[in-house]
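This note's numbering puts the first residue of the sequence shown at 756, with every later residue one more than the last.
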Amino acid sequence: MEKKEKEEVYINSLSEYIEFIENLGDNFCLSRGQNKDYELFPGALRKIEENQKYTRNEIKEYLDEFRINFYTFMDKSISIKESEFIIYAQHYGLPTYLLDFSKSHIISLMFAVENAFEEIEESKEHNPLDRGVVYFLNPFELNKKNARKEIVEIDDDLSNFSGPVAIQARKINKRIQVQNGTFVHFNSADKALNELDDENILKKIFIKTENKKIILSNLFKLGFGFSNIYPELNSLSKDILLKKKIIEFLREREG
């Protein structure tokens, strides 16, 4: 495990990652893995064009139209609360004020390294965004800071809070169940979550591009593949192809 300037922590192997988790406080129970070091913003707050973001009215219109047409494509016997439509909208690709997190730190690591065999290894002039990253969140401290209470439900009036909050909601589809997913909710004026300068709320580790392949290979040996994060048939094909790439990679590495 390496430390760089400003106490940046680099994880070089799966064993170092597990050691880091073992030393985390128990309340850092949520995490988010990214294959690049992007800001922690939900889709609704990301720029769609230079210096332009979605407006609140646009996001509301998208969600209203989604809600109106939802049952055309889904089983009408499904029981969904009004507050839960935003979760389905997030799942099916609409920009929302939700940012995905997981209660499984191993799943988050998979997200950080899943593209290892499609990436070009770092050079001396690499883009710092190319590093993999896993964020670890203490939702209780975040909520105490912005909502003045530890637990926030999806049915609460989320517009009342002074910043992002971790919300509790039902696991209403298979992907959320498999990914052990949960969400952080933002309002339109909120800053990126990674701008929090408070290690009692948010910590992160980096993974160099050249270390992603061996970490992904060792996760695969432990039975973690694309099928563990995307419960769809095409994940089976991706795992079959990944197995071949890992065998070739390990053979070259050992030879």
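Even for Gly, the Cβ is constructed at its ideal location relative to N, Cα and C.
query: Enclosing alpha helix (DSSP H) for I995 [first to last residue]; result: 988-1009
query: Distance, L769 Cα to T964 Cα; result: 14 Å
query: Same chain, Cβ closer than 7 Å to Q932, five either side skipped, listed in chain order; result: K926
query: Residue range of the beta strand (DSSP E) that includes A921; result: 920-923
query: Local conformation of S878 per DSSP, three classes; result: A caution first: S878 carries a pLDDT of 43, below 50, which makes its placement in the model too unreliable to give a value.
query: Close Cβ partners of A947 (< 6 Å) along its chain, the five nearest in sequence each way excluded; result: E794, L795, F796
query: Residue nearest to K802 in terms of C-alpha spacing, selected from G980, D910, T851; result: T851
query: Three-state secondary structure (DSSP) of D885; result: helix
query: CB of I719 within 8 Å of CB of I962, strictly; result: Residue 719 is absent from the structure shown; the chain starts at 756 and stops at 1010.
query: Local conformation of F961 per DSSP, three classes; result: strand
query: Start and end residues, alpha helix (DSSP H) containing F866; result: 860-868
query: Residue from I773, V868, S982 with nearest C-alpha to G788; result: V868
query: Residues near N966 in its chain [Cβ-Cβ closer than 6 Å; skip 5 each side]; result: N767
query: Inter-stretch contact (C-beta, 8 Å, three-pair minimum) for the segment 916-923 and the segment 840-847; result: no
query: Cβ pair S786, H860 closer than 8 Å; result: yes
query: Inter-residue CB distance, F895 and E905 (contact presumed, cutoff 8 Å); result: 4 Å
query: Local conformation of Y843 per DSSP, three classes; result: helix
query: Alpha-carbon to alpha-carbon, G980 and N782; result: 27 Å
query: Reference A902, options V939, R886, V889, closest by Cα; result: V939
query: Cβ-based neighbour list, R822, same chain, cut-off 7 Å, excluding 5 preceding and 5 following; result: F840
query: Beta strand (DSSP E) runs wholly inside the segment 766-820, at least 3 long, in chain order; result: 785-789, 802-804
query: Alpha-carbon to alpha-carbon, V907 and L779; result: 23 Å
query: Buried versus exposed, by CB contacts within 10 Å (16 or more), L945; result: It is worth fixing the name first, because residue 945 is Asp in this sequence and not Leu. D945 comes out buried.
query: Straight-line Cα distance separating L1005 from N942; result: 46 Å
query: Cross-strand partners of G936 (DSSP beta bridge); result: S857
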